[in-house]
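Notes for the one structure printed next.
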Amino acid sequence: MDTFDTILTRRSIRQFTSNTIDEEMQKKLLQAAMQAPSARNTQAWQFVVIDDRQILREISNFHPYADMLKQAPLAIAVCGDFQLEENVDYLALNCATATQNILLAAHSFGLGAVWLAIFPRKQRIKDLRNLLDLPDDIIPISLVAVGHPKEPKGLADRFNPEKIHHNSW
Ligand SMILES: Cc1cc2nc3c(=O)[nH]c(=O)nc-3n(C[C@H](O)[C@H](O)[C@H](O)COP(=O)(O)O)c2cc1C
1 MDTFDTILTR
11 RSIRQFTSNT
21 IDEEMQKKLL
31 QAAMQAPSAR
41 NTQAWQFVVI
51 DDRQILREIS
61 NFHPYADMLK
71 QAPLAIAVCG
81 DFQLEENVDY
91 LALNCATATQ
101 NILLAAHSFG
111 LGAVWLAIFP
121 RKQRIKDLRN
131 LLDLPDDIIP
141 ISLVAVGHPK
151 EPKGLADRFN
161 PEKIHHNSW
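In this text, residue positions in the sequence shown follow my numbering: the first is 1, and each later residue adds one.
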């Protein structure tokens, strides 16, 4: 699949088969994440790879939109590192680019994935920090559930010329 097709056909996948994601594939997803652009190239991110069924289930207990984690074989918590970037807004932006890279890489490999919001929800940040035992200078920004898709999802064409402005509003 070429890059443009990958971007156009990516969708959020929330139903997964029971097949696991092997370590080689996990590494590719993380490689894609770490290749993302970051402000001043700080690469101020850290990743927690979660494949423990009990931990995945516990996240779905406190996150109101994460039921798919009861099925998903894998989740990657994308976290910001305050030691490498002190501005939380930049941390969030940098982790967002990494998160999108994981989604696109997963789709290009025929996997399914969905972005789960953590930042800026204070309670979710706190709950995930406690569950994963994150140090104080690490803030969880997003969580990506990944698996082998069990739902067909087609192209959602969102191109809207009304949202384009030339030179001024
Ligand atoms: C910042 C952000 C937070 C999101 N949080 C959740 C979430 O908590 N749970 C969920 O199921 N989907 C979540 N999504 C996925 C969106 O619902 C989804 O991207 C959107 O509906 C468009 O559908 P598509 O991804 O299939 O194109 C999130 C997406 C973004 C960008």
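Heads up, the beta-carbon is just placed ideally off N, CA and C, and yes, glycines get one too. Every value quoted in this text rests on a predicted model; they were computed, and no experiment measured them.
- Taking all protein chains in view, the Cβ of Pro152 is surrounded by fewer than 16 other Cβ atoms within 10 Å, so the residue is classified as exposed.
- Per DSSP, reduced to three states, the secondary structure at Asp51 is coil, with no helix or strand assignment.
- Within its own chain, the residues whose Cβ lies closer than 7 Å to the Cβ of Leu103, once the five positions on either side in sequence are excluded, are Arg10, Ala113, Trp115 and Val144, listed in chain order.
- With fewer than 16 other Cβ atoms inside 10 Å of its own Cβ, Asn41 counts as exposed.
- Of the heavy atoms belonging to ligand 1, none sits nearer than 8 Å to the Cβ of His107.
- For Ala117, the distance from the CB to the nearest heavy atom of ligand 1 is below 8 Å.
- Of Thr3, Ala92, Leu8 and Asp52, the smallest CA-CA separation from Asp157 is found for Leu8.
- Three or more pairs of CB atoms, one per stretch, sit closer than 8 Å, so the segment 68-85 contacts the segment 38-57.
- If you check the C-beta of Met68 against ligand 1, you find a heavy atom less than 8 Å away.
- The C-beta distance from Pro73 to Ile118 rounds to 20 Å, too long to meet the 8 Å contact threshold.
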